[in-house]
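Counting from 3, one number per residue, gives the positions in the sequence shown under our numbering.
What follows is a set of notes on a single structure, which appears directly below.
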Amino acid sequence: MEIVQEKNKRTALIATILFHLLLFILFAIFGLSYIEPKPEQGIVLNFGTTNEGSGEIQPTTNEPQPKQPQPEQPAESTPPPVEETKEEIVTQENEETINLKKQQEELEKQKRLEEERKRKEEELQRQREEEERKRKEEEFKNKLSNLWDKTKQNTGGEGTTNQQGDQGKPEGTKDGNAYSGTPGSGGNGISFSLSGRSLVSVPKIVDTSQDEGKVVVDIIVDRNGNVIQAIPGGKGTTTTSAHLFKKAKEAALKTKFSPNPDAPEKQYGQMTFIFVLE
């Protein structure tokens, strides 16, 4: 099949060459004829300088003719420059606004975190202070308890002077906790128990409430006789009135004892306040 196709292609090529060769021989023998075009026919025009005129005499000189006014060509108007679209500016402003908003949100977030951190630190500090206060109160009460236990170990007496005998006042009672001071008699009374000290001054307590009872205040006194700490509600207290506790504590802190340079730096003792309705 391929041999037949190849043979047909060769035959077609030879036929095409022979056909064009025959045409070339015919053109060479007979040539090509050229037909000259006929001359153009027309009319002779009169010489003139205008499109309009009159008369039969042809002027010998060319007189200048007024020029026809040419209509003014309208000046090409230059189109105003196309204003740049504000799309790019608006887009840029939007991006700047978004960035600024993000920065503000980040600053506010950091501020909230800082405030929360400070709040937690303050809360922890308050807890530490409260725990320290409770620890000191417990330590103070334990020291007082140990002091009373030591004094009671002495046989045949009671007191805080570490000497044999029954410390107190003949006009006192067996249930009294104070070993010196002025006993009360039907009204408000103040007494104290502090070895080697005397009472220099005590504030006047003004109480108009309807509460009554005895408040024992555990105190710490320095060598100069100042009460530096007072905790109401000690052993022997007969009331739970917060108002009387406050009055007794304020009075104890304002009380002045005699100085004693030989006393401990912190001397522990008690004050008893008896509140009676008048």
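The C-beta atom is built at its ideal place from N, Cα and C for all residues, glycine as well.
Just so it is clear, the structure is predicted and the values come from calculations on it, not from any experiment.
In the structure shown, Gln-269 adopts extended strand secondary structure according to DSSP, grouped into three states. Of Gln-212, Lys-268, Gly-227, the smallest CA-CA separation from Glu-280 is found for Gln-212.
Taking 8 Å as the upper bound for CB-CB distance, Lys-249 and Ile-207 are in contact here, some 6 Å apart. Going by C-alpha positions, Gln-106 is about 51 Å away from Glu-140.
In the structure shown, Gln-231 falls within a strand segment according to DSSP collapsed to helix, strand and coil. Taking C-beta separations shorter than 7 Å and ignoring five residues to either side along the sequence, the partners of Lys-256 in its chain run Pro-205, following chain order. The secondary-structure analysis by DSSP pairs Phe-259 across a beta bridge with Leu-201.
In this structure, Lys-216 is the residue among Ala-30, Lys-216, Ile-27 with its C-alpha nearest to the C-alpha of Ala-244.
For Ile-5, the enclosing alpha helix (DSSP H) has its first and last residue at 4-32. For Lys-237, the three-state secondary structure derived from DSSP is coil. Taking the C-beta atoms as reference points, Gly-227 is found nearer than 9 Å to Ser-260.
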